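Trainee:
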Amino acid sequence: MIKILSIDDEAEILKCFNDALTMEGYSFESTTDPEEGLRLLRERDDFDLVMLDVKMPVKNGFEIYQEMRTFRELPVLFVTAYPNSFDPQKDDVVKMWEEQFMDGTTDILYKPFELDTLYNKVIGLVGPADESASDSTSEQS
Amino acid sequence: MPVSHDLELSRSVRRIFVKHWVDLGRISIRCTSGRVHLFGTLLRVTGKQPDLQANMLNAMFYELKRIKGVKTVNARLDNWILDSGKWRAFERHDGDVD
Numbered sequence: 652m653i654k655i656l657s658i659d660d661e662a663e664i665l666k667c668f669n670d671a672l673t674m675e676g677y678s679f680e681s682t683t684d685p686e687e688g689l690r691l692l693r694e695r696d697d698f699d700l701v702m703l704d705v706k707m708p709v710k711n712g713f714e715i716y717q718e719m720r721t722f723r724e725l726p727v728l729f730v731t732a733y734p735n736s737f738d739p740q741k742d743d744v745v746k747m748w749e750e751q752f753m754d755g756t757t758d759i760l761y762k763p764f765e766l767d768t769l770y771n772k773v774i775g776l777v778g779p780a781d782e783s784a785s786d787s788t789s790e791q792s
Numbered sequence: 002m003p004v005s006h007d008l009e010l011s012r013s014v015r016r017i018f019v020k021h022w023v024d025l026g027r028i029s030i031r032c033t034s035g036r037v038h039l040f041g042t043l044l045r046v047t048g049k050q051p052d053l054q055a056n057m058l059n060a061m062f063y064e065l066k067r068i069k070g071v072k073t074v075n076a077r078l079d080n081w082i083l084d085s086g087k088w089r090a091f092e093r094h095d096g097d098v099d
């Protein structure tokens with residue numbers, strides 16, 4: 652079963668992700684604490700996808716991403732309400748975009764979002780929860 | 002065709018979009034059995050200049066079609082339309098029909 656970890660400081664959106672993704676057949680875990688999220692990623696190797704809120708207090712999604720990449724390379728779906736989060740005028744964003752995003756394992760989900768968009772992003776990064784789900788949804792696109 | 006192949010295609014498509022600084026958050030990519038489906042809005046990330054031009058789309062779609070294993074590339078975009086073989090900026094309105 653495909654397992655997803657989401658790190659987001661908003662409990663409400665984590666519930667939304669949980670409901671939507673488990674309904675589709677994904678296994679979903681979450682935390683509002685970035686350090687706890689990093690600990691889970693260090694100690695376990697059963698996550699297939701990480702969803703990272705970009706703007707969080709204490710440690711933002713980019714910082715978590717950089718730290719995670721020192722010990723694990725997993726597909727990442729950044730979640731943000733701010734399209735200017737990926738500001739090409741910022742050196743750190745340019746470096747991340749041109750060096751790390753170039754491997755094609757990163758995507759972006761803007762809030763608010765439609766469930767179809769969430770599913771498409773997740774399927775594009777890790778595939779459908781099961782292959783039959785892929786067959787049943789392919790005609791909808 | 003196995004799901005892993007479609008995942009690899011999706012990854013290759015994202016690589017091309019990243020190379021062109023396309024805002025990944027505004028476009029959805031679905032790859033099924035070698036067919037690439039794109040829908041949403043094709044823009045560069047906020048603040049990246051210059052904006053996308055028709056010749057850039059031509060180059061990008063040429064690259065997409067050259068990805069190994071790609072059979073077709075279908076795009077239903079909110080802001081670009083392929084008109085007589087040329088990309089044209091376009092604003093989709095409610096009620097428009099393909």
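Chains A and B, in that order, are what the protein sequence lines are.
The first sequence runs 652 to 792 under my numbering.
The second sequence runs 2 to 99 under my numbering.
Backbone N, C-alpha and C fix where the C-beta goes; we use that ideal spot for every residue, glycine too.
If you're wondering where the values come from, they're calculated on a predicted model, not measured in any experiment.
1) Quick check on the burial criterion: 16 or more other C-beta atoms within 10 angstroms. Buried or exposed for ASP742(A)?
2) Give a single yes or no on whether ILE30(B) has its beta carbon closer than 7 Å to a heavy atom of the ligand ADP.
3) Straight-line CA distance for PHE1(B) to LEU43(B)?
4) I'd like to know if the region 29 to 46 of chain B and the region 765 to 777 of chain A are in contact, where contact means that at least 3 CB-CB pairs between them fall below 8 Å.
5) Can you check the region 42 to 92 of chain B for any beta strand (DSSP E) of at least 3 residues that lies completely inside it and give the ranges in chain order?
6) Are there 16 or more other CB atoms within 10 angstroms of the CB of VAL727(A), so buried, or fewer, so exposed?
7) Have a look at ARG67(B), THR73(B), LEU53(B) and flag the residue whose alpha-carbon is nearest the alpha-carbon of ASN80(B).
8) Alpha carbon to alpha carbon, how far is ASP696(A) from VAL71(B)?
9) Under DSSP, the alpha helix (DSSP H) around GLN721(A) begins and ends at which residues?
10) If we call anything under 8 Å between Cβ atoms a contact, is PRO712(A) one with PHE729(A)?
11) Taking CB distances under 8 Å as the criterion, tell me whether ASP1(B) reaches chain A.
12) In whole angstroms, what is the alpha-carbon distance linking ASP660(A) and THR682(A)?
13) Assign SER792(A) to one of three DSSP states: helix, strand, or coil.
14) Using a Cβ-Cβ distance under 8 Å, would LEU65(B) count as near chain D?
15) Nearest CA to the CA of ALA671(A): which residue from GLY778(A), LEU776(A), VAL777(A), ASP767(A)?
16) How long is the line joining the alpha carbons of ASP7(B) and LEU65(B), rounded to whole angstroms?
17) Could you give the DSSP three-state label for GLU714(A): helix, strand or coil?
18) Just to confirm, is the Cβ distance from ILE658(A) to ALA780(A) under 8 Å?
19) Tell me which same chain residues have a C-beta within less than 6 Å of the C-beta of TRP88(B), skipping the five on either side of it?
20) Alpha carbon to alpha carbon, how far is THR73(B) from LEU83(B)?
21) Indicate the three-state DSSP secondary structure (helix, strand or coil) for MET707(A) in the structure shown.
Mentor: In terms of the structure at hand:
1) Numbered from 1 along the first sequence, position 91 holds the residue referred to as residue 742(A). Exposed is the call here.
2) The ligand ADP is absent from the structure shown, which contains no ligands of any kind.
3) Lying outside 2 to 99, the shown extent of chain B, residue 1(B) is not represented and no answer is given.
4) Flag = yes, the region 29 to 46 of chain B and the region 765 to 777 of chain A touch.
5) As far as the region 42 to 92 of chain B is concerned, its whole beta strand (DSSP E) runs of at least 3 residues are 73 to 78, 81 to 84, 87 to 90.
6) One-based indexing of the first sequence puts residue 727(A) at position 76. Sixteen is the threshold: when 16 or more other Cβ atoms of the shown chains lie within 10 Å of the Cβ of VAL727(A), as they do, the residue is buried.
7) Your numbering for residue 80(B) matches position 79 in the second sequence. The closest CA to that of ASN80(B), considering only ARG67(B), THR73(B), LEU53(B), is found on LEU53(B).
8) Stepping through the first sequence from its first residue, residue 696(A) is reached at position 45. Stepping through the second sequence from its first residue, residue 71(B) is reached at position 70. When rounded, the distance between both Cα atoms is 32 Å.
9) Here residue 721(A) is taken as the residue at index 70 of the first sequence, counted from 1. Contrary to the premise, residue 721(A) reads as Thr rather than Gln in this sequence. It is not in any alpha helix (DSSP H) - THR721(A) carries neither H nor E in the DSSP assignment.
10) Numbered from 1 along the first sequence, position 61 holds the residue referred to as residue 712(A). Numbered from 1 along the first sequence, position 78 holds the residue referred to as residue 729(A). A quick correction: the sequence has Gly, not Pro, at residue 712(A). For GLY712(A) and PHE729(A), yes; Cβs fall inside 8 Å.
11) It is not possible to answer for residue 1(B), since the shown part of chain B is limited to 2 through 99.
12) The count along the first sequence starts at 1 and reaches residue 660(A) at position 9. The count along the first sequence starts at 1 and reaches residue 682(A) at position 31. For ASP660(A) and THR682(A), the distance between alpha carbons rounds to 8 Å.
13) Residue 792(A) sits at position 141 when you count from the first residue of the first sequence. Since pLDDT at SER792(A) reaches only 29, below the 50 mark, its modelled position is unreliable, and no value is offered.
14) The structure shown has no chain D; the protein chains it does contain are A and B.
15) Within the first sequence, residue 671(A) is the residue found at index 20, counting from 1. For the residues GLY778(A), LEU776(A), VAL777(A), ASP767(A), the minimum Cα distance to ALA671(A) belongs to ASP767(A).
16) Numbered from 1 along the second sequence, position 6 holds the residue referred to as residue 7(B). Numbered from 1 along the second sequence, position 64 holds the residue referred to as residue 65(B). Cα atoms of ASP7(B) and LEU65(B): separation of roughly 14 Å, rounded to the nearest angstrom.
17) The count along the first sequence starts at 1 and reaches residue 714(A) at position 63. Here GLU714(A) sits in helix by DSSP.
18) Here residue 658(A) refers to the residue found at position 7 of the first sequence. Here residue 780(A) refers to the residue found at position 129 of the first sequence. Contact: no.
19) Position 87 of the second sequence, counted from the first residue, corresponds to residue 88(B). For TRP88(B), where only same-chain residues beyond five positions count, the Cβ hits under 6 Å are ALA55, LEU58, TRP81.
20) The count along the second sequence starts at 1 and reaches residue 73(B) at position 72. The count along the second sequence starts at 1 and reaches residue 83(B) at position 82. Their Cα atoms are separated by approximately 15 Å.
21) Stepping through the first sequence from its first residue, residue 707(A) is reached at position 56. Of the three classes helix, strand and coil, the one that applies to MET707(A) here is coil, per DSSP.
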